[in-house]
Each structure stands twice: as structure tokens, then as C-alpha cells.
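Heads up: the structure comes next, in C-alpha cells.
There are 2 protein chains.
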Amino acid sequence: MELKEKQRKILDVAVELFKEKGYMGSSVRDLATKLNIKAASLYAHIRSKEEILEWICFGIAQEFFDELQEVKSTNIPPKEKLNLFIDKHLSVVLKNRDVTHIYSNEWKHLEERLPEFVELRKNYQQEVEDLISEIYKAENWELKSPAFTTRFILHTLNNSYFWFKRNIESGSEVTDEIRDKVLFGLLGNHKQ
Amino acid sequence: MELKEKQRKILDVAVELFKEKGYMGSSVRDLATKLNIKAASLYAHIRSKEEILEWICFGIAQEFFDELQEVKSTNIPPKEKLNLFIDKHLSVVLKNRDVTHIYSNEWKHLEERLPEFVELRKNYQQEVEDLISEIYKAENWELKSPAFTTRFILHTLNNSYFWFKRNIESGSEVTDEIRDKVLFGLLGNHKQ
DNA sequence: CCTACCGATCGGTAGG
DNA sequence: CCTACCGATCGGTAGG
Numbered sequence: 001m002e003l004k005e006k007q008r009k010i011l012d013v014a015v016e017l018f019k020e021k022g023y024m025g026s027s028v029r030d031l032a033t034k035l036n037i038k039a040a041s042l043y044a045h046i047r048s049k050e051e052i053l054e055w056i057c058f059g060i061a062q063e064f065f066d067e068l069q070e071v072k073s074t075n076i077p078p079k080e081k082l083n084l085f086i087d088k089h090l091s092v093v094l095k096n097r098d099v100t101h102i103y104s105n106e107w108k109h110l111e112e113r114l115p116e117f118v119e120l121r122k123n124y125q126q127e128v129e130d131l132i133s134e135i136y137k138a139e140n141w142e143l144k145s146p147a148f149t150t151r152f153i154l155h156t157l158n159n160s161y162f163w164f165k166r167n168i169e170s171g172s173e174v175t176d177e178i179r180d181k182v183l184f185g186l187l188g189n190h191k192q
Numbered sequence: 193m194e195l196k197e198k199q200r201k202i203l204d205v206a207v208e209l210f211k212e213k214g215y216m217g218s219s220v221r222d223l224a225t226k227l228n229i230k231a232a233s234l235y236a237h238i239r240s241k242e243e244i245l246e247w248i249c250f251g252i253a254q255e256f257f258d259e260l261q262e263v264k265s266t267n268i269p270p271k272e273k274l275n276l277f278i279d280k281h282l283s284v285v286l287k288n289r290d291v292t293h294i295y296s297n298e299w300k301h302l303e304e305r306l307p308e309f310v311e312l313r314k315n316y317q318q319e320v321e322d323l324i325s326e327i328y329k330a331e332n333w334e335l336k337s338p339a340f341t342t343r344f345i346l347h348t349l350n351n352s353y354f355w356f357k358r359n360i361e362s363g364s365e366v367t368d369e370i371r372d373k374v375l376f377g378l379l380g381n382h383k384q
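Chains A and B, in that order, give the protein sequences. Its first residue numbered 1, the first sequence is counted upward by one per residue in the numbering used here. Its first residue numbered 193, the second sequence is counted upward by one per residue in the numbering used here.
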């Protein structure tokens with residue numbers, strides 16, 4: 001998936017548009033207007049509207065995969081591994097807020113490559129679940145429902161940008177606060 | 193907002209449809225087909241497609257408000273109040289999964305009553321924030337960012353149905369697991 | 001509840 | 001990159 005310069009520009013503008021109006025609420029005419037061209041001219045650069053959604057969903061999915069491989073191949077104690085995964089995942093999410101939002105909420109409008117996407121995401125969740133299980137096992141923690149816990153972690157991280165207002169500090173302060181909430185919840189800090 | 197029997201039926205079928213295809217991805221013809229009538233016949237019961245979305249968004253918003261008032265007017269210790277709020281809110285969410293999903297993700301497609309909805313939700317969040325602040329203060333807990341914490345709680349509760357598979361047990365086991373995660377996070381149980 | 005129909009807009013193609 | 005245009009579908013109305 002190598003994008004040419006113009007395609008990247010289209011992608012960037014589309015991300016903004018899809019975030020604001022949703023994929024189904026955005027027309028190719030809306031997109032073209034934002035790019036100061038006519039709708040028909042878009043088709044010199046894209047096969048279809050859906051292709052842009054594919055760029056978004058599969059692109060960020062790849063980033064999540066790469067980041068996971070890095071974490072898995074690092075040789076550190078299990079508990080630090082959980083921290084590293086959260087930090088790295090959060091970093092990708094916070095650098096790609098709008099893309100992550102579309103990945104999370106608009107994937108169902110993929111058609112041609114929908115089965116492929118669902119399979120990809122299933123594999124990713126399984127790999128994260130393996131990592132989590134491994135960590136819990138090494139730490140001798142009880143893991144009631146690995147799948148449940150995995151979904152909780154991923155969903156919480158993927159939607160963390162939601163808790164901020166418009167003007168967001170991208171600093172590590174934010175990451176710390178989120179990691180704290182995920183790991184220790186509301187009362188964890190106070191040791192109940 | 194008193195709905196007639198037929199309107200309730202339309203609402204129920206629309207909730208299913210909007211959940212599956214999204215509001216913008218659902219046509220009034222899709223909806224009519226599911227109801228075994230013609231699209232034009234719908235308009236004997238509804239003013240517009242948007243009105244159905246209004247029923248969904250404002251209806252569940254009202255339930256959230258009612259539940260919050262109940263919690264506020266109950267005379268119990270602060271910590272139990274937090275628990276009660278989580279339980280009650282979760283109970284409304286789990287009884288109205290699809291409606292909550294639409295409320296959370298499709299509200300932006302309201303047009304006529306969009307400003308009213310945004311205002312309503314802002315007020316609700318403020319009231320929850322007041323409750324949280326009061327509880328933290330009474331318990332002498334540190335509350336770094338009340339708004340942040342409030343959004344974390346609401347978002348986590350509103351999306352809790354996400355962590356389950358298709359076949360969901362509606363028992364209190366689920367509620368317990370979620371409250372545990374929200375209050376204590378991943379590691380809270382282990383007291384780190 | 002239906003048939004018949006409206007103007008507007010949709011994603012996309014042809015041809016330059 | 002444009003103009004010109006396509007068939008399909010959109011939300012909705014008229015009139016019964």
C-alpha cells in the first residue's frame with residue numbers, strides 16, 4: 001500500500017471529513033470540494049470511495065501490528081512488557097486520533113475487503129490476548145476471562161482520546177493518566 | 193414524547209437497523225421493508241427519518257437523567273453512592289445496548305434538535321461530575337481532573353457491552369466484572 | 001396502508 | 001485536471 005503524494009493528501013483530507021460527518025455521511029463531492037477539485041477528478045487518484053476507507057483501516061491496523069511485534073520481541077520482565085504495550089499502543093492512538101476513530105467506528109462500511117479486515121482484527125486481538133495471558137501467567141495473577149480483558153484493554157486505549165477536550169496536550173502526562181486509569185481504575189491509586 | 197404502539201414498533205425495528213448499518217447507512221426503504229410496508233406508509237407515523245433518531249437519543253438521555261436523580265436523592269455513604277451510580281447506569285446501558293450505541297455514536301446526525309441534545313448531554317455530564325466530585329471530597333481522595341474522570345467513567349460504562357461476545361449473560365456477574373475493572377483497573381485486584 | 005411520483009443527490013464513467 | 005452525463009437511490013409528498 002504505497003500512496004503517492006496526491007493520494008496522501010486525499011487521505012488526510014478524507015480522514016478529517018469522515019471523522020466529522022462519518023463515512024456514510026460524507027460524499028465524494030464533499031471530499032472533492034475540500035480539495036478544491038471536482039468530484040470526477042478524484043477518480044484519477046482513487047478506484048472508489050471505499051478504497052480511501054481501506055487505506056485508513058488497513059493502514060492503522062498495520063501500525064498496531066508492527067508495534068505489537070516490537071513489544072513481543074523485546075526482552076524485559078512481564079510487568080514492564082504490559083506497560084510497554086500500553087505506552088506504545090497509546091502512542092500510536094494519540095498520534096492518529098481521527099484515523100483510530102474511523103478504524104474503530106467505520107470499518108463495518110468496508111465491503112469488498114470486509115472479511116479480510118475482520119480476519120485481520122481477529123488475529124490481532126488473539127495476539128494481544130496471547131501477550132496478556134503470558135504476562136498474567138508469569139506474574140501469577142488470576143486472569144478470569146482473557147478475551148474479555150483483552151477487549152477491555154484495547155477498547156479503553158483506542159478510545160482514550162475521547163476523554164480529552166479539544167485542545168489536547170500530547171505529552172506523556174496524558175499517557176501516564178490513561179495508563180493509571182487502565183491499570184488501577186478509579187480507586188487503584190488509593191489502594192481502595 | 194409519548195409513542196403510539198405502531199411508533200414503538202417502528203422505533204424498535206429502527207434501532208436494530210441503525211445499529212447494524214448506522215443511521216446514514218440505513219434508508220427509510222430499508223426500514224419500511226423490515227416492517228413489511230412501503231416507505232411512503234412510514235410517514236403516516238413519523239414526521240421524518242430524523243424524528244426516529246430523536247426518539248432514540250432523547251429517550252435514553254431521559255433514562256440516564258432519571259437514574260442519576262434517583263442516585264442523588266438516596267441517602268447513603270459516598271462510596272456506596274459511587275457504586276450505586278455505576279450499578280444503575282450499567283443496568284440502563286445493558287438493558288438498552290443498541291440504543292446506547294446509537295446514542296453514543298449517531299447523535300451527530302441529529303440536525304434540528306442537535307443543539308438541544310448537545311446542551312442536554314453537557315448538563316448531564318456536569319451533574320455526574322458534581323456527584324463524583326462530592327464523593328471524592330467526602331472520601332478525601334485526590335481528584336486531579338474531575339472532567340477527565342467523569343468522561344472516563346461515562347465512556348467506559350456506556351461502551352461496556354463492547355467487551356462481550358454476541359451471547360451475553362445479563363446477570364450481575366457481568367456488572368460485577370465491569371465495576372471491578374472501572375474501579376480497580378487491571379491490576380487493582382492484586383493491589384499492585 | 002397503497003401507487004405514483006418529486007427534485008436532489010449519490011458514486012462513478014466517458015472522453016478529452 | 002475538466003465538462004457532461006449515467007442509472008440508482010435518497011427522503012419525502014400528493015392523493016386516495
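Ideal Cβ positions, reconstructed from N, Cα and C, are used throughout, including at glycine.
Test item: CB-CB of residue i and residue j under 7 Å
{"i": "B:L331", "j": "B:P270", "result": "The question names Leu, yet the displayed sequence has Glu at residue 331 of chain B. Yes, Cβ-Cβ distance for B:E331 and B:P270 is below 7 Å."}
{"i": "B:F340", "j": "A:W163", "result": "yes"}
{"i": "B:L227", "j": "B:V205", "result": "yes"}
{"i": "A:M24", "j": "B:G377", "result": "no"}
{"i": "B:V285", "j": "B:E255", "result": "no"}
{"i": "A:E67", "j": "A:K88", "result": "yes"}
{"i": "B:V220", "j": "B:K241", "result": "yes"}
{"i": "B:K230", "j": "B:A224", "result": "yes"}
{"i": "B:L302", "j": "B:L245", "result": "yes"}
Nonlocal neighbours in the same chain, by C-beta distance under 8 Å from residue i, ignoring five residues either side
{"i": "B:I345", "result": "I278, V320, I324 and V374"}
{"i": "A:D30", "result": "L17 and K21"}
{"i": "A:L3", "result": "L11 and W55"}
{"i": "A:Y161", "result": "V93, L94, R97, T100, H101 and I168"}
{"i": "A:I46", "result": "Q7, I10 and I52"}
{"i": "A:V71", "result": "K81, L84, F85, K88 and L131"}
Chain-order list of residues whose beta-carbon lies under 6 Å from that of residue i (same chain, five-residue window excluded)
{"i": "A:Q192", "result": "Because A:Q192 carries a pLDDT of 37, less than 50, the predicted location of this residue cannot be relied on, and no value is offered for it."}
{"i": "B:Y295", "result": "C249 and I252"}
{"i": "A:E134", "result": "none"}
{"i": "B:R371", "result": "I278"}
{"i": "B:L306", "result": "none"}
Best match in the options for proximity to residue i [C-alpha to C-alpha]
{"i": "B:S364", "options": "B:I294, B:E194, B:L282 and B:T348", "result": "B:L282"}
{"i": "B:I172", "options": "B:H293, B:P307, B:V310 and B:Y328", "result": "Coverage of chain B is limited to positions 193 through 384, which leaves residue 172 of chain B absent and any answer about it impossible."}
{"i": "A:V118", "options": "A:A61, A:N158 and A:L11", "result": "A:A61"}
{"i": "B:Q317", "options": "B:R343, B:Y328 and B:I229", "result": "B:R343"}
{"i": "B:S337", "options": "A:Y136, A:K144, A:L53 and A:V174", "result": "A:V174"}
{"i": "B:G251", "options": "B:E369, B:I370 and B:D290", "result": "B:D290"}
{"i": "A:L193", "options": "A:L143, A:L157 and A:R113", "result": "Since the first and last residues shown for chain A are 1 and 192, residue 193 of chain A lies out of range."}
{"i": "B:E369", "options": "A:N159, A:L143 and A:E177", "result": "A:L143"}
{"i": "B:K211", "options": "B:I268, B:N297 and B:V263", "result": "B:N297"}
{"i": "A:Q69", "options": "A:N123, A:E116 and A:A40", "result": "A:N123"}
Same chain, Cβ closer than 7 Å to residue i, neighbours up to 5 away in sequence not counted
{"i": "B:E304", "result": "E242"}
{"i": "A:F65", "result": "Y124"}
Practice task
Could you tell me which uninterrupted alpha helix (DSSP H) segments, each at least 4 residues in length, are contained entirely in the stretch 298 to 362 of chain B, listed from first to last along the chain?
Solution key: 306 to 331 and 338 to 350
Practice task
Quick one: which unbroken alpha helix (DSSP H) runs of 4-plus residues sit fully inside the stretch 255 to 285 of chain B? Chain order, please.
Solution key: none
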